[in-house]
Amino acid sequence: MHCKNEWGKACADMKTSNSATWRMLHNIMSTRPTPTNLVVEGGREIPLTSAANHLVSFFKTKATRHPRAKVPQTPPRPTGLLRALTRHELNVALGCMSHATACGPDDVYNEALAHLPKIARVALLRTFNRSLSRGIVPREWKRGTIVPILKPGKPSGRVDSYRPVTLTSTLAKLMERILHGRLRHLVQSDNQAGFRADRSSTDALMWLRAHVQPTNASKTPLTSAVFVDFSRAFDSVDHDLLLKRLQQLDVDPYLVRWTLSFLRDRQVRARMGHRHYSRVKTFTCGVPQGTVLGPLLFNVFMDVLSADLDRSGAQHYFYADDLTIIARGRDRELVLNQALDALDHWSRAHFMDVNVGKTKVCNFRSRSDAPVVRYRGTELAVDDAPKLLGVTFNKHRGFGHHTQTMKSKCQKSLLQLSAICNTVLGASRDAIRCFHLAMVTSYMQYACAAWFGIASATDLATLDSIQARGARLACGLPATTNTHDSLLEANLDSVSETAKYLTYKTFLLSTLRGGSRADNVTRCFPPSSEIGKLHTEITEAYGPVEPLTDAPSLNPRIRIRPCTLQAVTKEMADSVKKRASDETIAHRHPADYELWTDGSYVAETSSVAGAALLFAKGIESYTTVSVCGKGRSSLRSECLALHAGLHRVIADRTLHRGQRLLVASDSQSLLTALRCHTARTTNSTFTECVEMLNGLADRGVKICLQFVFGHCGVSRNELADVASNAAHGCSTRYPLWHKDALSIARGKIATEASKKLEARESHRRRVVGLRPTKTKHLTGVRLLDCLASQARTNWSPYWGDLHRTMSPSAPKACRFCSNPPTSSSVAPPIAQSRKRGRTTDAVECPECSIVLASRSSGVGHLRATHGYPHQEALRLLRSAPPAPPGDRTGPHKCPYCPRKFRFVPTVNRHVVEKHRDEARIRRARPAAQPATSPTPSGPCHLCSFTSRTKAGLTSHLLRTHNFDRRLPKRHRSNDCEESVEHLLFHCPRFSALRIKHAIRPPGDPDQWFERRIPEFLVDALQLLDDPSDCRTGELPSVTASLKKSSAEARVLSCAKFIFSNCKPFIKTAANAVATLIGCASRSLKKRARD
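Numbering (the working numbering), first residue to last: 11 to 1100.
Structure representation (structure tokens):
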């Protein structure tokens, strides 16, 4: 009990922001690492230092220059003018550096560089420019520490299963990031998606799906794909060939010299653990993994192969070093072999090997006549379920293999979560929900656009069941709780809804960016598909969506101040905010022109409008510019107002060099977006705002963007607010913002899901509707939160139908009303009856009281003797009470005479012949009636369809409206009188408890989310405790009142099995304790019971 309480306390203190919590969660139920040649050599253990030497020696063999490769020669020092690194580039690079990362050999963290003062940044920039001008990289910057990372699914006993990630100097990474901004334009190919901005693995997967499994599969020709696997691709990049490639692309000679010095003679060492290092080795080939420039240089190196494959006629796509080659039609064998010959020629010339054993071929939608594909004379193996970037494709239409892979992975994560929570003890609901989103939901949502629309309804139902299981763990609900009620209790969306939204997001962004990505998503989701229909519905109602463009970075001379001079918050009085705003504007004077902007948003009509007022110095009159459009955010309206005002300023040509422009706005979100803006892809309106501000700054205009408080009496801001409210419906209209289109799509998907849920009758929907349970509804006590969730769903092992299912001997009537517990008497023990569902127990005939050996014999007796149909006989015997004790193998007596028979069929024949009238033979079989047309079962409540049978109506609802009106599996009708509503509002036993907890009459949905409901149930359930357990004369604790009598036996048997047979599954003491208190997997528990 002490260990159990300690483990419960540790779980209750789990925080999602604590790294120790994630490590403990990962170690639960994880297998122990097996002895490998990295730790054991010749039957004896070796130190970690020797293991590090093994790894660095293996990495050096791959990162050594090929014997036929040339030694790169340093180019001569350029005579041209150096384009020096600027302070703006340094500030942008510092802003892009991620924090909370490991440091390099120099022990300098990124946080230290981010807080450098101005004078230190100037000195650092001078050092960078001197290194670039001389083409020399400091020796300390070329030193690295290799941290071996085990590849997913690879055996830990092989040295080639580890990926060498190098930790380098943070100063070197900072300069690399600056140079990366100057070199990233070198990779412009549409066939490479790895390590590029606005590209992801989803692009590669969508390209493959568009070619092998589009929506209309009947029009797809036969397709064959080769999945090429390179052997140590990053470590095989030849420096001399890379140098020539950079010179062919006309790269700045200063950058070429610096890059060659950065790659040449790198000294590295491997680290095992935290302090065990290997010997230092010198690498003469490859690009280091873990640097900023390494992936970009690798993409530049692979561009030559992409050009060679284009000339061969085969379609291909790269994601880093993952190459996929596709050929379609009858001549696909010839095309693939030509492409592999080109790959062979390139690999020999560039000293990069192909792993033939891992290179696979898949012939999609082909049952025979498969092409023979060879590489260097070796026939490639065929794989009917290839895996690309973590997604498993099927040879034929569907994604069943990928669904099963996700299911097995998610079940392992759910098993880890089940060890830290139960109904009484464990982490909070929000913590478990966060763990579930990070460990389970994120895995199911990965690249969902690649399988949405192809995955079957069964696959989606499987993923929804996994999501619901995590929701039940978070809320402490039984395993048979309704799926949709569980998701509402945990405030989680179903996987099908989330996948549809993320797929539409991928479709919309790819369409707006244009190019080959737009063609791929259009082929996968034509207008007739579900995603295509959603997009058509949005564009017809709100107009076209604004395209995406590449926005430049903002001119550093533009000053942006998203706050006032004084520390004033929005919660303060209006007079304080007005005074602070006026003082700030007065401090910025004199300004030759002032531009006051404001936006307006109407949620009912999804309309946005903006107005800009232009004031000249010393003149109270102003010029008003008004615009409007469709949208769902105030940021969009403020952006429209700024765009219209700047456009008017430039059109008037009133500003000249040296003049000042003050832009005042009450939108902190707009000013913050401008202040944090970097060169990236965004909507065209925002891009034009940045370009107009840069154009004015280049003309010598001094621009300042200042924040002022709105709706507090600032005169010019109030004028702009009035003008923006009156701008709705003006002639100048803007297209829909893509973020607003996504918001509209999310709302439509949620509305569609709500309509399906409204048609499903459940206790939770009846009492609280479709309101999800949020954080503000939680009490902070695990037990109370679980009881509250069980009360809203009316599905609990402590009362109602589930309690009767788990305890068949429990009466149908309320235990509190029919037989209230007393303190003077002890209730007699209830004999354990047979478990429902067993067919080997003896049964008693409900008609003639004959005892039969099994249920199957009883069904045959009712059919032969009493004329019952099979289903009706089975139903009667399932609900019949247990048979009285007696000998089941002895002679059977006739119920109507003294004769005895040896077998039951003989008794049946005797009763039919001699006692036909007494036994009421054929009573249950209806008399023959004239044939009549079947009456309709009823009309569909969603359309005008009418079915003649109930099965036909069920099939129509499922196929046409995707609505399953059948009850959930293992659920029974709510026929128990002891429901939660009866306990809360009607049971006379709890009149005093209702007054104590202030329970309001039924019909108030708000009180179902209040603390009074679970506290009432705790007090009510304590009345069912046995008074003999009260050692001190007081009521037992809440934890003791909710225990099961069989819990101790289950825990002991499970613990005995685990400590004797399952030691490899226990890595930590916390895992052992979690298993002891009943948190082991179902398979372990089942084996323990056996």
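Each residue gets a CB set at the ideal place from its N, CA and C atoms; glycine is no exception. Keep in mind that this is a model prediction, so the values were computed, not measured.
Trp-151 - containing alpha helix (DSSP H), residue span: Position 141 of the sequence shown, counted from the first residue, corresponds to residue 151. Boundaries cannot be given for Trp-151, as no alpha helix (DSSP H) includes it and DSSP labels it neither H nor E.
Tell me, please, which residues DSSP counts as bridged to Gly-639. The residue given as residue 639 occupies position 629 in the sequence shown. Note: Gly-639 sits in a beta bridge opposite Val-618 and Tyr-744.
Rounded separation between Lys-1054 and Phe-244 - CA only: Numbered from 1 along the sequence shown, position 1044 holds the residue referred to as residue 1054. Numbered from 1 along the sequence shown, position 234 holds the residue referred to as residue 244. For Lys-1054, the predicted structure reports a pLDDT of 41, less than 50, and the residue's modelled location is therefore unreliable. The matter cannot be settled from this model.
Below 8 Å CB to CB, which residues in the same chain sit around Gln-1017 once its five sequence neighbours on both sides are set aside? Along the sequence shown, one-based indexing puts residue 1017 at 1007. Contacts found: Ile-1009, Arg-1010 and Ile-1023.
So what's Ala-934 in DSSP terms, helix, strand or just coil? Taking the first residue of the sequence shown as 1, we reach residue 934 at position 924. A caution first: Ala-934 carries a pLDDT of 42, below 50, which makes its placement in the model unreliable, though a value can still be read off. Ala-934 falls in the coil class under three-state DSSP.
Looking at C-beta atoms only, is the number of pairs between the stretch 559-571 and the stretch 255-264 that lie closer than 8 Å three or more? The stretch 559-571 vs the stretch 255-264: no contact.
Just list the residues that DSSP pairs Ile-570 with in beta bridges. Sequence index remark: in the sequence shown, residue 570 carries index 560 (1-based). Checking the DSSP bridge columns, you'll see Ile-570 partnered with Leu-715.
For Leu-422, count neighbouring C-beta atoms within 10 Å of its own C-beta (all shown protein chains included) and say buried if the count is 16 or more, exposed if not. As a working note, residue 422 is residue 412 in the sequence shown. The displayed chain sequence assigns Lys, not Leu, to residue 422. By the 10 Å Cβ count, Lys-422 comes out exposed.
Closest by C-alpha distance to Met-855, when choosing among Thr-292, Ser-806 and Val-917: The count along the sequence shown starts at 1 and reaches residue 855 at position 845. For the sequence presented, residue 855 should be read as Cys rather than Met. Among Thr-292, Ser-806 and Val-917, the Cα nearest to that of Cys-855 is on Val-917.
Report the three-state DSSP secondary structure of Trp-461 (helix, strand or coil). Position 451 of the sequence shown holds residue 461. In the structure shown, the three-state DSSP call for Trp-461 is coil.
With DSSP as the reference, label Lys-903 as helix, strand or coil. By 1-based counting over the sequence shown, the position of residue 903 is 893. In this structure, Lys-903 counts as strand in the three-state DSSP scheme.
Range covered by the alpha helix (DSSP H) that runs through Ile-1005: As a first step, residue 1005 must be located in the sequence shown, where it is residue number 995. That run of the alpha helix (DSSP H) goes 1001-1007.
Is there a Cβ of chain B sitting closer than 8 Å to that of Ala-601, yes or no? The chain labelled as chain B is not found in the depicted structure, where only one protein chain is given.
Excluding the 5 residues preceding and the 5 following Phe-535 in the sequence, name in chain order all residues of the same chain whose CB lies nearer than 6 Å to its CB. Counting from one through the sequence shown, the residue named residue 535 turns up at place 525. Excluding residues within five positions, the ones whose Cβ falls inside 6 Å are Phe-517, Ile-541 and Gly-542.
Unbroken alpha helix (DSSP H) run spanning Gly-410, endpoints: The residue you call residue 410 lines up with position 400 of the sequence shown. DSSP places Gly-410 in the uninterrupted alpha helix (DSSP H) bounded by 410-428.
Who are the near neighbours of Arg-384 in its chain, counting only those whose CB is closer than 8 Å to its CB and skipping five residues on each side? By one-based count along the sequence shown, residue 384 stands at place 374. Apart from the 5 residues on each side of it in sequence, Arg-384 sits with its Cβ closer than 8 Å to the Cβ of Asn-347, Leu-350 and Leu-390 in its chain, given in chain order.
List the endpoints of the continuous alpha helix (DSSP H) containing Leu-399. Taking the first residue of the sequence shown as position 1, residue 399 is located at position 389. Counting along the chain, Leu-399 falls outside any alpha helix (DSSP H), and DSSP gives it neither H nor E.
Buried or exposed: which applies to Lys-822, given that a residue is buried once 16 or more other Cβ atoms fall within 10 Å of its Cβ? By one-based count along the sequence shown, residue 822 stands at place 812. Counting Cβ neighbours within 10 Å, Lys-822 comes out exposed, since fewer than 16 surround it.
Along the chain, where does the beta strand (DSSP E) that runs through Ser-675 open and close? In the sequence shown, residue 675 corresponds to position 665, counting from 1. Per DSSP, Ser-675 belongs to the beta strand (DSSP E) from 670-675.
Which residues does DSSP pair with Lys-370 in a beta bridge? Along the sequence shown, one-based indexing puts residue 370 at 360. Looking at the DSSP assignment, Lys-370 forms a beta bridge with Phe-237 and Ala-391.
Where the alpha helix (DSSP H) containing His-221 begins and where it ends: Residue numbering aside, residue 221 sits at position 211 when the sequence shown is read from its first letter. Unbroken alpha helix (DSSP H) run through His-221: 211-222.
Nearest to Lys-746 (by Cα), restricted to the options Leu-435, Thr-388, Thr-26 and Asn-693: Translated into positions along the sequence shown, residue 746 becomes position 736. Note on residue identity: the sequence assigns Leu, not Lys, to residue 746. Nearest of Leu-435, Thr-388, Thr-26 and Asn-693 to Leu-746, Cα basis: Asn-693.
In this structure, does DSSP put His-76 in helix, strand or coil? Within the sequence shown, the letter at position 66 stands for residue 76. Looking at His-76 - three-state DSSP - the assignment turns out to be coil, as it is neither helix nor strand.
Distance, Cα to Cα, His-738 vs Glu-604? As a first step, residue 738 is located in the sequence shown; it is residue number 728 there, counting from the start. As a first step, residue 604 is located in the sequence shown; it is residue number 594 there, counting from the start. Cα atoms of His-738 and Glu-604: separation of roughly 24 Å, rounded to the nearest angstrom.
Inter-residue Cα distance where the pair is Leu-398 and Ala-203: Here the question's residue 398 lines up with position 388 in the sequence shown. Here the question's residue 203 lines up with position 193 in the sequence shown. Their Cα atoms are separated by approximately 14 Å.
Continuous beta strand (DSSP E) stretch holding His-326: start and end: Sequence index remark: in the sequence shown, residue 326 carries index 316 (1-based). Its beta strand (DSSP E) spans residues 325-329.
Three-way DSSP call (helix, strand, coil) for Asn-693 in this model: Locating residue 693 in the sequence shown gives position 683, where the first residue counts as 1. In the three-state reduction of the DSSP assignment, Asn-693 falls in the strand class, which pools E and B.
With DSSP collapsed to three states, give me the class of Tyr-172. Taking the first residue of the sequence shown as position 1, residue 172 is located at position 162. Note: Tyr-172 maps to strand in three-state DSSP.
Same chain, Cβ closer than 6 Å to Ser-617, neighbours up to 5 away in sequence not counted: On the sequence shown, residue 617 is found 607 positions in, with the first residue counted as 1. Within its own chain, the residues whose Cβ lies closer than 6 Å to the Cβ of Ser-617, once the five positions on either side in sequence are excluded, are His-738, listed in chain order.
Considering Cα atoms alone, identify which of Val-236, Ser-438 and Ser-675 is closest to Ala-500. Counting from one through the sequence shown, the residue named residue 500 turns up at place 490. Relative to the Cα of Ala-500, the nearest Cα in the group Val-236, Ser-438 and Ser-675 belongs to Ser-438.
On the three-pair Cβ rule with 8 Å, is the stretch 326-334 touching the stretch 287-296? With a cut-off of 8 Å, the stretch 287-296 and the stretch 326-334 do not count as touching, because too few Cβ pairs lie within range.
When the distance is taken between beta carbons, is Gln-477 closer than 8 Å to Leu-1128? In the structure as shown, the chain starts at 11 and stops at 1100, and residue 1128 therefore has no counterpart that could be examined.
In whole angstroms, what separates the C-alpha of Val-147 from that of Ile-156? Looking up residue 147 in the sequence shown gives position 137. Looking up residue 156 in the sequence shown gives position 146. Each residue's Cα considered, the two are about 20 Å apart.
Cβ atoms of Val-364 and Phe-240: under 8 Å apart, would you say? Taking the sequence shown and counting its residues from 1, one reaches residue 240 at position 230. Taking the sequence shown and counting its residues from 1, one reaches residue 364 at position 354. The answer is yes: Cβ separation under 8 Å.
Burial state of Leu-558, where buried means 16 or more other Cβ atoms lie within 10 Å: By one-based count along the sequence shown, residue 558 stands at place 548. Burial call: buried.
Quick test of your reading: Arg-999 and Phe-826, contact by CB under 8 Å. State the CB separation rounded to the nearest angstrom. Against the sequence shown, residue 999 aligns to sequence position 989. Against the sequence shown, residue 826 aligns to sequence position 816. Indeed they touch by this definition, with Cβ atoms about 4 Å apart.
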